[in-house]
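Take a look at the structure below.
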């Protein structure tokens with residue numbers, strides 16, 4: 001799963017990418033694998049003191065360019081973000097050079113107009129095909145495109161209709177307004193608590209963040225020094241973890257956990273995945289030869305304190321192929337290949 005970071009020139013998107021990727025990685029290119037914070041691993045780490053600790057990761061891309069505020073994002077940026085699963089748009093809410101809410105409206109409009117152009121072009125082609133031979137036209141695709149056009153002409157993003165976006169006939173178009181998007185309102189560090197962002201909407205989240213501050217924080221290696229830096233600014237935590245966790249959620253992902261002396265690890269899996277599908281995230285052989293999954297819910301594990309006690313209390317369950325994995329489940333898979 002990949003996320004594109006974009007925004008107008010001067011929005012602070014490069015600061016955001018550097019904060020997420022780290023200065024060294026940011027200097028090496030415009031792509032970075034970023035670890036997803038998982039505090040639920042902490043009690044497992046204390047219990048097992050493993051040789052290795054591994055976190056789930058998200059890939060971020062810093063999209064080059066970005067039109068000037070008031071002039072649109074530009075076709076190049078729109079084409080560059082089209083292949084990505086999720087969008088992270090950075091808005092300038094700190095320089096005072098333009099109204100960030102106008103920037104927000106301009107981005108949404110650009111996504112809608114781009115999608116409408118795709119729909120119209122495809123409908124024109126289908127109309128030509130239909131005149132030649134009606135059997136050449138997929139009726140379901142025709143129906144879906146008509147619904148999409150109605151939404152877009154009503155100035156509504158396609159993400160408001162998840163069922164429509166999930167239709168197989170829609171998937172190949174990679175519509176921009178169908179993609180989940182996080183708007184990061186880049187504010188001055190003094191405005192972190194006071195700046196009001198719009199309410200979240202389906203497939204769309206908002207948060208305020210000081211990208212420059214997060215970049216400075218990310219460059220501080222020592223945890224105690226970082227904590228002191230935050231305290232001096234009157235802050236209790238970095239906003240960066242929220243950026244990552246919200247991206248993860250928008251991607252439709254959650255984590256299941258595995259634990260042992262060798263490794264304690266969080267694994268990304270789509271929300272609604274079955275036990276065999278989760279096993280396949282670890283290795284395809286696990287999915288092919290899946291027998292059972294021994295599962296302990298995370299809260300049950302905390303209540304018991306360790307695996308032995310959890311089993312004594314009957315909190316460990318053997319689940320089959322139909323089991324739908326829950327966020328935070330601690331799982332050991334049984335399989336035969």
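Numbering (the numbering used here), first residue to last: 1 to 337.
We put the CB at the ideal spot given by N, CA and C, even for glycine.
This one's a predicted model, so the numbers in the text were calculated from it and none came from an experiment.
Exercise. Could you name the residues of the same chain whose beta carbon sits closer than 7 angstroms to that of residue 254, not counting the 5 residues immediately before and after it, in chain order?
Key: Locating residue 254 in the chain shown gives position 254, counting from the first residue. Cβ neighbours of residue 254 within its own chain (closer than 7 angstroms, five residues either side excluded): 269, 271, 327.
Practice problem: Compare the beta carbon distance of residue 34 and residue 93 with 7 angstroms and say whether it is the shorter of the two. | Solution: The residue you call residue 34 lines up with position 34 of the chain shown. The residue you call residue 93 lines up with position 93 of the chain shown. It is not a contact, given that the beta carbons lie outside the stated cut-off.
Practice problem: Compute the Euclidean distance between the alpha carbons of residue 250 and residue 2, then round it to the nearest angstrom. | Solution: Here the question's residue 250 lines up with position 250 in the chain shown. Here the question's residue 2 lines up with position 2 in the chain shown. Their Cα atoms are separated by approximately 11 angstroms.
Quiz item: Do you know offhand how far residue 152's Cα is from residue 139's?
Solution: Position 152 of the chain shown, counting from 1, holds the residue named residue 152. Position 139 of the chain shown, counting from 1, holds the residue named residue 139. Distance between the alpha carbons of residue 152 and residue 139: 20 angstroms.
Quiz item: What is the rounded straight-line gap between the Cα of residue 30 and the Cα of residue 112?
Solution: Locating residue 30 in the chain shown gives position 30, counting from the first residue. Locating residue 112 in the chain shown gives position 112, counting from the first residue. So the alpha carbons of these two residues sit roughly 26 angstroms apart.
Practice problem: Spatial neighbours of residue 84 within its chain, please: CB distance less than 8 angstroms, with the 5 preceding and 5 following residues excluded, ordered by chain position. | Solution: On the chain shown, residue 84 is found 84 positions in, with the first residue counted as 1. Answer for residue 84: 2, 3, 4, 61, 179, listed in chain order.
Self-check item: 8 angstroms Cβ shell around residue 136 - same chain, five flanking residues per side excluded
Solution: Start at 1 with the first residue of the chain shown, and residue 136 comes out as number 136. Around residue 136: 129, 130.
Practice problem: Jot down the residue ranges of each uninterrupted beta strand (DSSP E) in the region 164-242, minimum 3 residues, whole runs only, in chain order. | Solution: Whole beta strand (DSSP E) segments, 3+ residues: 181-186, 204-209.
Quiz prompt | Beta-carbon proximity list for residue 123, same chain, < 6 angstroms, skipping 5 on both sides | solution = If you number the chain shown from 1, residue 123 lands on position 123. Excluding residues within five positions, the ones whose Cβ falls inside 6 angstroms are 145.
Quiz item: Is the Cβ-Cβ distance between residue 160 and residue 202 less than 7 angstroms?
Solution: Walking along the chain shown from the start, residue 160 turns up at place 160. Walking along the chain shown from the start, residue 202 turns up at place 202. The answer is yes: Cβ separation under 7 angstroms.
Quiz item: So the beta strand (DSSP E) residue 57 belongs to, where does it begin and stop?
Solution: The residue labelled residue 57 in the question sits at position 57 within the chain shown. Where residue 57 is concerned, the enclosing beta strand (DSSP E) starts and stops at 57-62.
Quiz item: For residue 290, which beta-bridge partners are listed by DSSP?
Solution: Residue mapping note: residue 290 aligns to position 290 of the chain shown, counting from 1. DSSP lists 335 as partners of residue 290.
Quiz item: Near residue 105, which residues of its chain fall below 8 angstroms by C-beta distance, leaving aside the five closest residues on each side in sequence?
Solution: Against the chain shown, residue 105 aligns to sequence position 105. If we look at residue 105 and ignore the five residues flanking it on each side, it has no Cβ neighbours.
Practice problem: Could you please give me the residues that DSSP links to residue 54 through a beta bridge? | Solution: Numbered from its first residue, the chain shown carries residue 54 at position 54. DSSP, once it has assigned bridges, lists 265 as partnering residue 54.
Exercise. Report, in whole angstroms, the separation of the C-beta atoms of residue 53 and residue 36, which I expect to be a contact under 8 angstroms.
Key: Taking the first residue of the chain shown as position 1, residue 53 is located at position 53. Taking the first residue of the chain shown as position 1, residue 36 is located at position 36. Their Cβ separation, rounded to whole angstroms, is 13 angstroms, which puts residue 53 and residue 36 out of contact at 8 angstroms.
Quiz item: According to DSSP, which residues form a beta bridge with residue 270?
Solution: Within the chain shown, numbered from 1, the residue matching residue 270 stands at position 270. Paired residue(s): 253.
Quiz prompt | Spatially closest choice to residue 21 from 248, 65, 214, by CA coordinates | solution = In the chain shown, counting from the first residue as 1, residue 21 sits at position 21. If you compare the alpha carbons of 248, 65, 214 with that of residue 21, the shortest gap goes to 214.
Quiz item: Sorted by chain position, which residues of the same chain lie with C-beta nearer than 7 angstroms to residue 259's C-beta, five sequence neighbours on each side aside?
Solution: Mapped onto the chain shown, residue 259 falls at position 259. 44, 48, 330, listed in sequence order.
Quiz item: Where do the ends of the alpha helix (DSSP H) carrying residue 38 lie?
Solution: Locating residue 38 in the chain shown gives position 38, where the first residue counts as 1. Here residue 38 belongs to no alpha helix (DSSP H), and DSSP marks it neither H nor E.
Quiz item: Do residue 281 and residue 184 have their C-beta atoms closer together than 7 angstroms?
Solution: The residue given as residue 281 occupies position 281 in the chain shown. The residue given as residue 184 occupies position 184 in the chain shown. No, the Cβ-Cβ distance between residue 281 and residue 184 is not below 7 angstroms.
Practice problem: Below 6 angstroms CB to CB, which residues in the same chain sit around residue 219 once its five sequence neighbours on both sides are set aside? | Solution: Here the question's residue 219 lines up with position 219 in the chain shown. Excluding residues within five positions, the ones whose Cβ falls inside 6 angstroms are 23.
Quiz item: So what does DSSP say about residue 95, is it helix, strand or coil?
Solution: Position 95 of the chain shown, counted from the start, is the residue given in the question as residue 95. Residue 95 falls in the coil class under three-state DSSP.
Quiz item: CB residue 334 to CB residue 292, shorter than 7 angstroms?
Solution: Here residue 334 is taken as the residue at index 334 of the chain shown, counted from 1. Here residue 292 is taken as the residue at index 292 of the chain shown, counted from 1. Contact flag set, yes.
Exercise. Hey, could you find the ends of the beta strand (DSSP E) residue 318 is sitting in?
Key: Walking along the chain shown from the start, residue 318 turns up at place 318. From DSSP, the beta strand (DSSP E) with residue 318 extends over 317-319.
Quiz item: Is residue 31 helix, strand or coil by DSSP?
Solution: Numbered from its first residue, the chain shown carries residue 31 at position 31. Residue 31 falls in the strand class under three-state DSSP.
Quiz item: Helix, strand or coil for residue 4 per DSSP?
Solution: Along the chain shown, read from residue 1 onward, the residue named residue 4 stands at position 4. If DSSP states are grouped into helix, strand and coil, residue 4 belongs with the strands.
Practice problem: Kindly identify the DSSP beta-bridge partner or partners of residue 87. | Solution: Translated into the one-based positions of the chain shown, residue 87 becomes position 87. Beta-bridge pairing links residue 87 to 4, 181.
Practice problem: Might you give, ordered along the chain, the residues of its own chain that have their beta carbon closer than 6 angstroms to the beta carbon of residue 162, omitting 5 neighbours on each side? | Solution: One-based indexing of the chain shown puts residue 162 at position 162. Around residue 162: no qualifying Cβ.
Quiz item: In the structure shown, what three-state DSSP assignment does residue 324 receive?
Solution: Along the chain shown, read from residue 1 onward, the residue named residue 324 stands at position 324. Three-state DSSP puts residue 324 in a strand.
Self-check item: Straight-line Cα distance separating residue 306 from residue 283
Solution: Taking the chain shown and counting its residues from 1, the one referred to as residue 283 is at position 283. Taking the chain shown and counting its residues from 1, the one referred to as residue 306 is at position 306. Distance between the alpha carbons of residue 283 and residue 306: 26 angstroms.
Quiz item: Hey, residue 41 and residue 210 are a contact pair by Cβ (cut 8 angstroms); roughly how many whole angstroms apart?
Solution: Position 41 of the chain shown holds residue 41. Position 210 of the chain shown holds residue 210. 28 angstroms between Cβ atoms; not a contact.
Exercise. Measure from the alpha carbon of residue 82 to the alpha carbon of each residue in 170, 120, 119, 176, then state which is nearest.
Key: For the purposes of this step, residue 82 is taken as the residue at position 82 of the chain shown. For residue 82, the closest alpha carbon among the candidates 170, 120, 119, 176 is that of 176.
Exercise. Quickly, what does DSSP pair residue 49 with across the bridge? List them, please.
Key: Working through the chain shown from its first residue, we reach residue 49 at position 49. Within the DSSP bridge table, the entry for residue 49 names no partner.
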